[in-house]
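A.B. asks:
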Amino acid sequence: MNYQYNEQFATATRQFADTAARINQLALENAHKVFGLQMATLEENAEATFSFFGEAAEVRDFDGMKTLFPKGVQIARENVERSISAGQEVFGSTVKTNEAIAEIAKSQLESATVKAQAEAEKVVASAAKTTKRR
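For the sequence shown, counting from 1, position 7 maps to 7 in the UniProt record's numbering; every step adds exactly one.
1) Beta-carbon separation of R14 and T41 under 9 Å?
2) Could you tell me whether the segment 83–97 touches the segment 14–25, using the rule of 3 or more Cβ pairs below 8 Å?
3) Are the beta-carbon atoms belonging to N79 and A112 less than 9 Å from one another?
4) Taking a contact to mean a Cβ-Cβ separation below 9 Å, would you say K71 touches E55 in this structure?
5) Going by beta carbon distance, what residues of the same chain come within less than 7 Å of L68, once the five residues before and after it are set aside?
6) Distance, Cα to Cα, A17 vs K115?
7) For E7, which residues in the same chain have their Cβ closer than 6 Å to its Cβ, ignoring the five residues on either side in sequence?
8) Just to confirm, are I101 and A27 a CB contact at a threshold of 9 Å?
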């Protein structure tokens with residue numbers, strides 16, 4: 001009887017470890033994707049900004065500055081748009097990852113419920129047999 005409990009505990013522990021590993025893998029993949037996306041956005045924004053600063057350093061007169069101002073506003077707008085777009089993509093990816101994790105948790109809970117109900121039915125059946133014998 002003790003062996004049966006140990007085997008059930010070992011099985012449950014293995015299942016928990018496998019589930020935790022899958023959840024951790026999903027979370028790490030999402031973190032990798034998010035970090036890569038944010039770094040790419042930061043790189044694009046920095047490249048555009050430093051390119052603009054390079055052009056601004058070459059301006060020698062007021063007319064050059066007047067033509068540079070709209071370009072600076074355009075670059076700032078594009079940087080903000082890229083950042084917002086990356087933020088939305090990060091949010092979407094994180095939501096999908098959380099949904100996948102929730103689905104794993106839900107399936108584990110349903111599996112545990114089915115097993116518990118089966119065990120409970122065995123106990124009830126065993127108890128019913130025992131009471132009929134008396």
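Idealized CB from N, CA, C, for every residue including glycine.
C.D. replies: Taking the coordinates as given:
1) No, they are not a contact pair.
2) Look at the beta carbons and you see the segment 83–97 not touching the segment 14–25: under three pairs across the two are nearer than 8 Å.
3) No. Outside cutoff.
4) Result yes, Cβ atoms of K71 and E55 sit closer than 9 Å.
5) Apart from sequence neighbours up to five positions away, the residues of its chain that approach L68 with a beta-carbon distance below 7 Å are E55, A56 and V59, ordered along the chain.
6) Cα-Cα distance, rounded: 18 Å.
7) If we look at E7 and ignore the five residues flanking it on each side, it has no Cβ neighbours.
8) A contact, by the Cβ cut-off of 9 Å.
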